[in-house]
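Report on one structure; see the data block that follows.
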Amino acid sequence: MWAASTCSATTPAPPLVASIAAPTQGSTYLQYDHVIAVASTIDPATGTNPSTVGGAWYLTDPSGTTKQVGDSDPTHLTLQPPVAGGWTPGQYTLTLKLSPSGAEATTTYVVLADPGHMGLNVGVKFNPQTLYVPSSGNYVSITVTPQAQKLASVDPATVKITEVGKYLLTTPIGIDPTAGGTGWARHSDGSYTAKFNRQRLTCEMSKHGLAGFYVPVVISGSGTGFSFTGYDSKSPNATQNSTPVACN
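17 is the number of the first residue of the sequence shown in our numbering; add one for each residue after it.
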């Protein structure tokens with residue numbers, strides 16, 4: 017009689033896990049900013065960021081072109097803007113692929129135009145916090161708080177919405193002439209509020225499918241000896257209108 021034999025099943029090793037902590041999903045950068053990426057790799061057998069794990073970073077630009085941008089460290093990467101002209105404004109996707117497992121993680125971020133290399137040099141508050149797309153009715157208002165600039169010298173004709181989401185506006189949106197006065201109203205703390213046509217702005221958002229999430233709205237202007245650029249980092253939250261208005 018044959019003796020019974022026993023077999024023990026081999027449990028496969030848990031897979032490697034990759035995670036990108038920065039840039040955070042949907043974060044925004046300016047045209048000449050450095051982008052610092054931070055990631056972690058977890059090997060259940062040896063711990064976090066084991067030395068035996070390698071990886072490569074890939075960046076997909078707004079045109080859809082993907083290039084490898086790093087392979088020396090799967091936990092850290094510094095992306096420097098191109099010397100000639102900085103980053104192309106638009107959405108970027110950063111991917112980390114681990115070797116030899118093939119595990120990967122991705123994140124997307126948006127680069128906003130800053131052709132004058134001015135940076136965000138004013139504080140900005142957008143109202144309302146929730147903006148229905150597309151919609152009409154009351155003006156949208158943007159309050160600009162100076163950082164040592166004398167906003168009293170700003171020509172209201174230069175105050176415009178120049179960018180919505182990742183899209184540069186071919187025709188920037190100026191202050192609504194029906195808003196009363198110059199449309200560039202001073203407050204006692206030195207800040208100013210500009211009012212813009214709601215329908216025109218929300219139709220721009222609708223044209224590009226910008227609804228269901230936060231959308232940065234960039235305001236720019238110029239005064240005596242300076243220019244300013246800024247956007248509210250939290251508002252508006254663009255929400256699809258259940259009864260949308262017509263857009264031209």
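Think of the CB as a built atom: it goes at the ideal place given N, C-alpha and C, for glycine as much as any other residue.
Between the C-alpha atoms of T94 and T109 there is a straight-line separation of about 15 Å. Contact between the segment 201 to 219 and the segment 117 to 127 is not established, with fewer than three Cβ pairs separated by less than 8 Å. Pairing L136 with T245 gives a Cβ-Cβ distance under 8 Å. In chain order, I191, T198, G199 and W200 place their CB closer than 7 Å to the CB of P172, counting only its own chain and leaving out the 5 sequence neighbours on each side.
Rounded to the nearest whole angstrom, the CA to CA distance from Q256 to M221 is 10 Å. Straight-line measurement puts the Cα of V234 at about 17 Å from the Cα of V149. Taking a C-beta distance under 8 Å as the contact criterion, T178 and L167 do not qualify as a contact pair. For the 8 Å CB-CB criterion, A119 and A254 do not form a contact.
The three-state reading of DSSP puts A195 in helix, counting H, G and I together.
Here V156 is near L147, since their CB atoms are less than 8 Å apart. In this chain, K166 is not harboured by any beta strand (DSSP E), its DSSP state being neither H nor E.
The DSSP-derived three-state label of K113 is strand. For the pair A55 and P90, the CB atoms are nearer than the 8 Å cut-off. Relative to G206, the option among Q84, Q47, F242 and S169 whose CA is nearest is S169. Each of A61, S43 and P39 was checked against the Cα of G181, and the nearest Cα belongs to S43.
By the neighbour-count criterion, in which 16 or more other beta carbons inside 10 Å mark a residue as buried, A53 falls on the buried side.
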